[in-house]
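Enquirer:
In my numbering, the protein residues as written are 1 to 144.
This is the structure in structure tokens:
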């Protein structure tokens, strides 16, 4: 199964989510950003908060989601409802394959961008990403 994880700039949430999904599964996971500046490294603060746990982030370079190169993903996971709408406006045939990364979280399914915010915001977001990734892995393992 191929999964693409999408956020705003592809330097904070989506690369972490992709790494969490890929580290313990047989999934092929890509990440991109709707407004990404290509070839940017992962957010330094996010890497620091993870303490080297996801070493694949050190070599991460951002890429931009585009309707010009339609994704081949079986499942597209976005961080916010507005991003889901944006993806489906760009690529309508992804309807039914595009879902919220946090849709199984209790309460708010959107996972806010911590970029430029407080340490507590980074820690909170990382916690949400961990729980959401774990839940997706459980659900996807039942589909194989």
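Backbone N, C-alpha and C define an ideal beta-carbon position, used for all residues, glycine too.
Just so you know, these numbers come straight off a predicted model, no measurement behind them.
Among the candidates 129, 28, 74, 61, whose CA atom is the shortest distance from the CA of residue 93?
Expert: The residue you call residue 93 lines up with position 93 of the chain shown. Per the Cα distances, 74.
Enquirer: Since residue 50 contacts residue 126 with CB under 8 Å, what's their CB separation in whole angstroms?
Expert: Locating residue 50 in the chain shown gives position 50, counting from the first residue. Locating residue 126 in the chain shown gives position 126, counting from the first residue. Sure, about 7 Å apart at Cβ, within 8 Å.
Enquirer: Kindly indicate which three-state DSSP category residue 166 falls into: helix, strand or coil?
Expert: Within the shown structure, residues of the chain are numbered from 1 to 144, placing residue 166 beyond reach of any answer.
Enquirer: Quick check: residue 10 and residue 25, are their CB atoms within less than 8 Å of each other?
Expert: The residue given as residue 10 occupies position 10 in the chain shown. The residue given as residue 25 occupies position 25 in the chain shown. In this structure, residue 25 does not lie closer than 8 Å to residue 10 by Cβ.
Enquirer: What is the DSSP secondary structure of residue 108, counted as helix, strand or coil?
Expert: Stepping through the chain shown from its first residue, residue 108 is reached at position 108. Coil.
Enquirer: Can residue 94 be considered in contact with the ligand NAD, in the sense that its beta carbon sits closer than 7 Å to one or more heavy atoms?
Expert: The model depicted lacks the ligand NAD and carries no ligand whatsoever.
Enquirer: Identify, in the order they occur along the chain, each residue of the same chain with its Cβ nearer than 8 Å to the Cβ of residue 136, setting aside the five sequence neighbours on each side.
Expert: The sequence position of residue 136 within the chain shown is 136, counting from 1. Excluding sequence neighbours, residue 136 sits near 21, 77, 101, 104.
Enquirer: Going by CA-CA distance only, name the one from 12, 69, 116 that's closest to residue 57.
Expert: The residue labelled residue 57 in the question sits at position 57 within the chain shown. Ranking 12, 69, 116 by Cα distance to residue 57 puts 12 first.
Enquirer: Can you pull the DSSP bridge partners for residue 12?
Expert: By one-based count along the chain shown, residue 12 stands at place 12. Per DSSP, none; premise fails for residue 12.
Enquirer: What first and last residue would you give for the beta strand (DSSP E) that runs through residue 125?
Expert: On the chain shown, residue 125 is found 125 positions in, with the first residue counted as 1. Unbroken run through residue 125 is the alpha helix (DSSP H), 119 to 141; no beta strand (DSSP E).
Enquirer: Quick check for students: name the residue ranges of the beta strand (DSSP E) that lie wholly in the region 12 to 56, counting only runs of 3 or more.
Expert: 28 to 33, all fully within the region 12 to 56.
Enquirer: Rounded to a whole number of angstroms, what is the C-alpha to C-alpha distance between residue 48 and residue 139?
Expert: Position 48 of the chain shown holds residue 48. Position 139 of the chain shown holds residue 139. Approximately 29 Å between the Cα atoms of the pair.
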